[in-house]
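Numbering (this note's numbering), first residue to last: 1 to 144. In this text, a Cβ means the ideal position worked out from N, Cα and C, and glycines have one as well. Note sheet for the following structure.
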């Protein structure tokens, strides 16, 4: 069970670390997006990742040099009991997680993936406001 700070909706530190079971969540980056999809991005995968990275940077105001993006395509994913094109993702950030930013990022990422047949109602992205002590980089956490 996740304990949440009701004023912000942010998970407390213990909940944030236990709620991130995917091994790719250990990739560097603040913010970082881990997305799994049954879409075949083919030779355009790197281009898609760069577009997503730029969209996250523009929305959060964070330098693109800090952003990590991992997309696993051709994955075994279903949504609503169907294997029609779909995606599931988690976006982690120290700050910049807000109703406005989250909606903008959801929309921009959907726009990027529509070219491959993804419909707007076939993707969930969970947005995680990470405590500084729970994000590591360069042999330390952002808390010190």
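Would a C-beta distance cut-off of 8 angstroms place residue i and residue j closer than the cut-off?
| i | j | result |
| --- | --- | --- |
| residue 127 | residue 102 | yes |
| residue 123 | residue 86 | yes |
| residue 52 | residue 109 | yes |
| residue 41 | residue 73 | yes |
Assuming residue i contacts residue j under a Cβ cut-off of 8 angstroms, what Cβ separation, rounded to an integer in Å, is found between them?
| i | j | result |
| --- | --- | --- |
| residue 105 | residue 56 | 6 angstroms |
| residue 113 | residue 39 | 7 angstroms |
Please report how far the alpha carbon of residue i lies from the alpha carbon of residue j, in whole angstroms.
| i | j | result |
| --- | --- | --- |
| residue 141 | residue 129 | 15 angstroms |
| residue 24 | residue 75 | Any reading at residue 24 must be qualified, since the residue scores a pLDDT of 42, below 50, and its modelled position is unreliable; the value itself is stated next. Distance between the alpha carbons of residue 24 and residue 75: 14 angstroms. |
| residue 35 | residue 68 | 11 angstroms |
| residue 121 | residue 97 | 21 angstroms |
| residue 20 | residue 135 | With a pLDDT of only 45 at residue 20, under the threshold of 50, the placement of this residue in the model should not be trusted; the figure read from the coordinates follows. Rounded to whole angstroms, residue 20 to residue 135 spans 12 angstroms at the Cα level. |
| residue 61 | residue 92 | 14 angstroms |
| residue 44 | residue 131 | 34 angstroms |
| residue 31 | residue 84 | 29 angstroms |
| residue 143 | residue 82 | 42 angstroms |
| residue 33 | residue 77 | 17 angstroms |
| residue 63 | residue 119 | 29 angstroms |
Whose CA, out of the options, lies closest to the CA of residue i?
| i | options | result |
| --- | --- | --- |
| residue 138 | 37, 66, 58 | 66 |
| residue 133 | 63, 116, 100, 95 | 95 |
| Which ranges would you report for the beta strand (DSSP E) in the stretch 85-129 if only whole runs of at least 3 residues count? | 87-93, 123-129
| field | 4 or more residues per run - each alpha helix (DSSP H) lying fully within the stretch 29-68 | value | Listed in chain order, the complete alpha helix (DSSP H) runs (minimum 4 residues) inside the stretch 29-68 are 45-60.
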